[in-house]
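Notes follow the structure.
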Amino acid sequence: MIVMVTLLAVISPGPDFAVIVRNGLRYGRKLGLATAFGIACGVIVHTTYTLLGLSYILSSYSWVLESVRYAGAAYLIWLGVSAFRPQNASLAQNCDTEESVNITHWAAFRNGFLCNALNPKTMMFFVALFTQVVAPDTPQYAQMGVAIFISLAHLIWFSFIVVALTDERSVTLVNKWKYSFEKVVGVCLVGLGAKLVFDA
939 MIVMVTLLAV
949 ISPGPDFAVI
959 VRNGLRYGRK
969 LGLATAFGIA
979 CGVIVHTTYT
989 LLGLSYILSS
999 YSWVLESVRY
1009 AGAAYLIWLG
1019 VSAFRPQNAS
1029 LAQNCDTEES
1039 VNITHWAAFR
1049 NGFLCNALNP
1059 KTMMFFVALF
1069 TQVVAPDTPQ
1079 YAQMGVAIFI
1089 SLAHLIWFSF
1099 IVVALTDERS
1109 VTLVNKWKYS
1119 FEKVVGVCLV
1129 GLGAKLVFDA
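What follows is the structure, given as structure tokens:
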């Protein structure tokens, strides 16, 4: 049950997927993988406060969730708008060298981490998972195992997306539509951010 729920949640398109595609297209494989690692670490934040029993704060103090919701929305919109900034390096160049890339590994990691950690829907997913799917009497080591599994599932899936996107056989095709696709992803990120603002 937990495996199925997790896999469905991971592969469902959302902010994390959009950010991975954005960074993979814009900066290449290495920085795309750094973004995937950031997302996995963002998952650890959610599992940590859930395992510590702090999830009740989210349900008891609505302003906490609201604050995170607006912060996450602002960050997604900022990422979306940044997709329209000029980027001269092609994907092939970015796959082979970092000379033309104006972003650090830390910045790419931060993109993924904040995108996941500031997503209120991800917060509610973990609260629901650990309160409805994971039984209260489940041993702590088993709950930690679930947390690690979820984080690794995110890392593996999004790393796969990056590798597939930057594979040599895909580079020519991707570069042909790279800038148009970047703009589409940027619009999607802005839309996802706006949706967070207007969703009750």
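Numbering (the working numbering), first residue to last: 939 to 1138.
The beta-carbon is built from N, C-alpha and C at its ideal position, and this holds for glycine as well.
- Taken through DSSP and simplified to helix, strand or coil, L1014 comes out as helix.
- Each of V959, V943, V948 and M942 was checked against the Cα of L1127, and the nearest Cα belongs to V959.
- Here the C-alpha atom of A1009 lies approximately 10 Å from the C-alpha atom of A1055.
- Around the CB of F1051, 16 or more other CB atoms lie within 10 Å, so the residue is classed as buried.
- Straight-line measurement puts the Cα of G1131 at about 6 Å from the Cα of A1012.
- Within 10 angstroms of the beta-carbon of D954 lie 16 or more other beta-carbons, which makes it buried.
- Here G952 carries a coil assignment [DSSP, helix/strand/coil].
- Excluding the 5 residues flanking it on each side, L1103 has same chain C-beta neighbours closer than 6 Å at G962, in chain order.
- Taking the Cα of Y965 as reference, the smallest distance to any Cα among G1129, F1136, K1059 and V1100 is reached at V1100.
- T944 is not a Cβ neighbour of V957, given a cutoff of 8 Å.
- Per DSSP, P1077 is not a residue of any alpha helix (DSSP H), being assigned neither H nor E.
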